[in-house]
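Novice: Residue numbers (full-length UniProt numbering): 1 to 180.
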Ligand code: HEM
């Protein structure tokens, strides 16, 4: 995963629980990178999972909640790095299409080693959109959180759920976004 994700994860943890807690996590995690993250480098996905695992253990929250909260927080950070043109979308559904068709495509062009999820759109009405989240990293809860952050940004009320989820024994992850 790109260093930017790790840099932002560190900022998120520091904001919530302070610098000392982040230092404590890095010390205990004893990571191959040593936890000295730079935005443009790439690090093993496992390092993120190790850090999340330690947060879960020390703060007594579920991995799902930790990933969701990080996603919700990180949206504004991703948005500020988004390629020109990404700031024109004012609606959650439009934005989600734009992520698949344009934003992540541009991110990949600029960072060929970026590992991005694929969204296969399944159904859409005025109030409800479903898509299949596909990624070997299985970060569907992180994805749900990012969508919540996106909705805060557009000022829309949405409910995000997963009628199907690989973590619940299903064959795939289907994310449903309802405007309420
Ligand atoms: C605001 C504009 C956005 C930008 C600039 C952006 C950029 C990125 C970048 C740089 C990564 C890390 C790639 C890597 O580590 O190799 C990433 C990962 C990811 N993005 Fe986006 N993103 C944006 C919006 C979104 C939105 C709205 C969603 C949710 C629907 C989303 C879902 C994800 C997920 C779930 C990952 C984790 C990787 C995975 O699941 O395999 N992104 N994105």
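Ideal Cβ positions, reconstructed from N, Cα and C, are used throughout, including at glycine.
Helix, strand or coil for residue 147 per DSSP?
Specialist: Taking the chain shown and counting its residues from 1, one reaches residue 147 at position 147. Shown here, residue 147 sits in a helix according to DSSP, grouped into three states.
Novice: My parser needs the alpha helix (DSSP H) runs of 4 or more residues fully inside the stretch 43-104; what are they?
Specialist: Here the runs fully enclosed are 45-59, 63-81 and 92-98.
Novice: Considering just the uninterrupted stretch of the alpha helix (DSSP H) at residue 7, what are its terminal residues?
Specialist: The residue labelled residue 7 in the question sits at position 7 within the chain shown. Start and end: 3-17.
Novice: Mind checking whether the beta-carbon of residue 122 lies closer than 7 Å to any heavy atom of the ligand HEM?
Specialist: Residue 122 sits at position 122 when you count from the first residue of the chain shown. For residue 122, the Cβ stays outside the 7 Å cut-off from all heavy atoms of the ligand HEM.
Novice: In the DSSP assignment, find the unbroken beta strand (DSSP E) run with residue 175 in it and report its ends.
Specialist: On the chain shown, position 175 is the one that residue 175 refers to. Looking at the DSSP string, the run of the beta strand (DSSP E) that includes residue 175 is 173-179.
Novice: Taking residue 162 and residue 174 to be in contact with their CB atoms under 8 Å, please state how far apart those CB atoms are, rounded to whole angstroms.
Specialist: The residue you call residue 162 lines up with position 162 of the chain shown. The residue you call residue 174 lines up with position 174 of the chain shown. With 8 Å as the limit, residue 162 and residue 174 qualify as a contact, their Cβ atoms being about 6 Å apart.
Novice: Output the distance between the C-alpha atoms of residue 70 and residue 172, rounded to the nearest integer angstrom.
Specialist: Within the chain shown, the letter at position 70 stands for residue 70. Within the chain shown, the letter at position 172 stands for residue 172. Residue 70 and residue 172: Cα-Cα distance of roughly 22 Å.
Novice: Indicate, with yes or no, if the ligand HEM has a heavy atom lying under 7 Å from the CB of residue 114.
Specialist: Numbered from its first residue, the chain shown carries residue 114 at position 114. Checking every heavy atom of the ligand HEM against the Cβ of residue 114, one is found closer than 7 Å.
Novice: By DSSP's criteria, residue 141 is part of a beta bridge. Which residues make up the other side?
Specialist: Residue 141 sits at position 141 when you count from the first residue of the chain shown. Note: residue 141 sits in no beta bridge, so no partner.
Novice: Who does residue 118 pair with in a DSSP beta bridge?
Specialist: As a first step, residue 118 is located in the chain shown; it is residue number 118 there, counting from the start. Answer is 134.
Novice: Assign residue 24 to one of three DSSP states: helix, strand, or coil.
Specialist: Indexing the chain shown from 1 puts residue 24 at position 24. In this structure, residue 24 counts as helix in the three-state DSSP scheme.
Novice: Does DSSP classify residue 107 as helix, strand or coil?
Specialist: In the chain shown, the residue the question calls residue 107 occupies position 107. Residue 107: helix per DSSP, three-state reduction.
Novice: Find out if the Cβ-Cβ distance for the pair residue 130, residue 92 is shorter than 8 Å.
Specialist: Taking the first residue of the chain shown as position 1, residue 130 is located at position 130. Taking the first residue of the chain shown as position 1, residue 92 is located at position 92. Cβ atoms of residue 130 and residue 92: not closer than 8 Å.
Novice: Check residue 157 in the structure and name its three-state DSSP category.
Specialist: Counting from one through the chain shown, the residue named residue 157 turns up at place 157. DSSP places residue 157 in coil when its eight states are reduced to three.
Novice: If residue 120 sits next to residue 111, beta carbons under 8 Å apart, how far is it from one beta carbon to the other, in whole angstroms?
Specialist: Taking the first residue of the chain shown as position 1, residue 120 is located at position 120. Taking the first residue of the chain shown as position 1, residue 111 is located at position 111. Not really, about 23 Å apart at Cβ, beyond 8 Å.
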